[in-house]
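Novice:
Protein chains: 2
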Amino acid sequence: MARRTRDDWTGVALRALAEGGVAAVAVEPLAARLGATKGSAYWHFPNREALLKATLERWEREHTEAVIEIVESVPEPLDKLRLLFATVLEHVEDSAVELAMLAAKDDPAVEPVLRRVTDRRIGYLEELFAELGFDADVAHQRAVLAYSVYLGQAQLLSSTPHVVKARRQLLEETLTAVVCRA
Amino acid sequence: MARRTRDDWTGVALRALAEGGVAAVAVEPLAARLGATKGSAYWHFPNREALLKATLERWEREHTEAVIEIVESVPEPLDKLRLLFATVLEHVEDSAVELAMLAAKDDPAVEPVLRRVTDRRIGYLEELFAELGFDADVAHQRAVLAYSVYLGQAQLLSSTPHVVKARRQLLEETLTAVVCRA
DNA sequence: CGACCTCCATACGGGACCGTATGGTCCATT
DNA sequence: AATGGACCATACGGTCCCGTATGGAGGTCG
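Just so you know, the protein sequences line up as chains B and C, in that order. For the first sequence, this note's numbering begins at 1 and goes up steadily by one. For the second sequence, this note's numbering begins at 1001 and goes up steadily by one.
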């Protein structure tokens, strides 16, 4: 039988995480998916928590900066914001990992990752709003506001998608609202 | 020993739900809290799912219309919206049940309740934005937008509260953004 | 070719929870 | 006082998961 690497395990764990949440990152079901047994898992990781931690940190490495880099390729800050929302709300489908993390915010393996990712993203949004000419404190409020819209919309699209009608138009409404003066 | 009613069970279940999510609505731990045993639970409910369902429907009855009624006591639609956001974001602390439901959106007992509550709330928001003079389709978009802000902010406040700085000011920023023209 | 080391299968003993079975207690009724 | 029903404790078997113990297959290196 084939050997498995640490990445094989975090790989299936990532898929399970997206599909079934943190609770689905369970050694025995993952072993079944891999066609292996728990022996392999407990060889590569000391326990289930370590596997989960490695999985979350892999996701953090591979997904946090990616979007920012894409967005930074355009010059105008307003276009950056539009592209950001567009990218992130087009395939909300695969922001399932984020929702899984929010749903398990009290898990000791989740909490620090969630904190880092949230800080990074809101920090970046603050920069964008500062570029748009907002004062520092207002920029922060708008950043929190914008990120709230993203989180809420992701939740809606995954839990009750029928309430969201015209996504393209919603995107524009969101933009105008978020950059609105006075 | 004292007798327990159906409401005693949904009562502890509600507290457990807010504290530990849907998974915490488990018969044996709840029985321990009540100073009872599983025998009582399985007398009042056919199974765990029925207990969960009854708990969610009790929450729906007691919390969905309450806020709307409060808000409807003021005349001006903009003040309604302000009061709505204020009420709902002041004690975000006890919107824990909502987050628990979102986190368990795939549970067959959760799904229908979540659908009804979401539809009702967004429907009401649509009315408010229509009163504010927005066209029907725009009103719907704003309603979805406003509800997204609420959901996202509730998530932020419960998962990473440190990113939210001045809640009072954030409320005003949110309002001006959401009712912004053009 | 034998000693080792890496990786994993197998097998086991927990623990938490679900649901059932059974009998006992208290209370209202007759 | 006896009977029946509402309510619950106890005890049990079953499932799913965690984590450990142990040994074995396959490659590596002297």
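Even for Gly, the Cβ is constructed at its ideal location relative to N, Cα and C. Note that the coordinates shown come from a computational prediction; the quantities given were computed from them, not determined experimentally.
Please determine, among C/A1100, C/L1051, C/R1181, the residue with the shortest C-alpha to C-alpha distance to C/F1134.
Specialist: Measuring from the Cα of C/F1134, the nearest candidate turns out to be C/R1181.
Novice: Can you find a C-beta in chain B that's less than 8 Å from the C-beta of C/E1173?
Specialist: yes
Novice: Does the beta carbon of B/S73 sit closer than 8 Å to a beta carbon anywhere in chain C?
Specialist: no
Novice: Is the shortest distance between the beta-carbon of C/G1133 and the beta-carbons of chain B less than 8 Å?
Specialist: no
Novice: For B/D137, collect the residues of the same chain with a Cβ closer than 6 Å to its Cβ; drop the 5 residues on either side in sequence, then sort them by chain order.
Specialist: Within the same chain, B/D137 has no close Cβ partners at all.
Novice: Going by alpha carbons, who is nearest to C/V1012 out of C/A1103, C/P1046, C/R1058?
Specialist: If we check each option's Cα against that of C/V1012, C/R1058 comes out closest.
Novice: Between B/D137 and the ligand NAP, is there a pair consisting of the residue's CB and a ligand heavy atom that are separated by less than 7 Å?
Specialist: For the ligand NAP, the structure offers nothing, since it holds no ligand at all.
Novice: Tell me the start and end of each unbroken alpha helix (DSSP H) in the region 1034–1104 of chain C that is at least 4 residues and wholly inside, in chain order.
Specialist: The DSSP assignment places 1038–1044, 1048–1071, 1077–1090, 1096–1103 as complete runs of the alpha helix (DSSP H) inside the region 1034–1104 of chain C, in order along the chain (cut-off: 4 residues).
Novice: Going by C-alpha to C-alpha distance, which of C/P1108, C/E1090, C/A1100 sits closest to B/D106?
Specialist: C/A1100
Novice: Along the chain, where does the alpha helix (DSSP H) containing C/T1005 start, and where does it finish?
Specialist: Note, C/T1005: premise wrong, no alpha helix (DSSP H); not H, not E.
Novice: Report the rounded CA-to-CA distance for B/L78 versus B/L132, giving the unit in angstroms.
Specialist: 7 Å
Novice: Starting from the beta carbon of B/I122, find every residue of chain C whose beta carbon is closer than 7 Å, and list them in chain order.
Specialist: V1163
Novice: In chain order, what residues of the same chain lie with their CB nearer than 6 Å to the CB of B/R48, ignoring the 5 residues before and after it?
Specialist: V27
Novice: For B/A177, would you say it is in contact with chain C, using Cβ-to-Cβ distances shorter than 8 Å as the test?
Specialist: yes
Novice: What three-state label does DSSP hand B/G133 in the structure shown?
Specialist: coil
Novice: Once you ignore the five residues that flank B/V71 on each side, which residues in its own chain have a CB closer than 6 Å to its CB?
Specialist: Cβ neighbours of B/V71 beyond the five flanking positions: K80, L83, L84.
Novice: So, at 6 Å on beta carbons, what are the nonlocal neighbours of C/A1096 in its own chain, with the 5 sequence-adjacent residues on each side left out?
Specialist: Answer for C/A1096: A1018, listed in chain order.
Novice: Quick check: is the beta carbon of B/D94 nearer than 8 Å to any beta carbon in chain C?
Specialist: no
Novice: So that I know if they touch, is there some Cβ in chain C lying closer than 8 Å to that of B/K105?
Specialist: yes
Novice: Taking C-beta to C-beta, are C/A1154 and C/V1092 nearer than 8 Å?
Specialist: yes
Novice: To the nearest angstrom, how far is it from the Cα of C/A1139 to the Cα of C/F1129?
Specialist: 5 Å
Novice: Near C/L1052, which residues of its chain fall below 6 Å by C-beta distance, leaving aside the five closest residues on each side in sequence?
Specialist: V1025, A1109
Novice: Quick check: C/L1014 and B/S148, are their CB atoms within less than 8 Å of each other?
Specialist: no
Novice: Any beta-carbon of chain C closer than 8 Å to the one on B/R115?
Specialist: Chain C, which has a Cβ nearer than 8 Å to the Cβ of B/R115, makes this yes.
Novice: When you compare the CB of B/A182 with every CB in chain C, is at least one pair closer than 8 Å?
Specialist: yes
Novice: Pick from C/A1086, C/V1113, C/A1032: whose alpha carbon is nearest that of C/Q1169?
Specialist: C/A1086
Novice: In chain C, which residues lie less than 7 Å from B/H140 when you measure between Cβ atoms?
Specialist: The contacting residues are K1165.
Novice: For B/V67, return the contacting residues in chain C, with the cut-off set at a CB-CB distance below 8 Å.
Specialist: Within 8 Å Cβ-Cβ: nothing; B/V67 doesn't reach chain C, min ~17 Å.
Novice: Considering just the uninterrupted stretch of the alpha helix (DSSP H) at B/V178, what are its terminal residues?
Specialist: Unbroken alpha helix (DSSP H) run through B/V178: 167–178.
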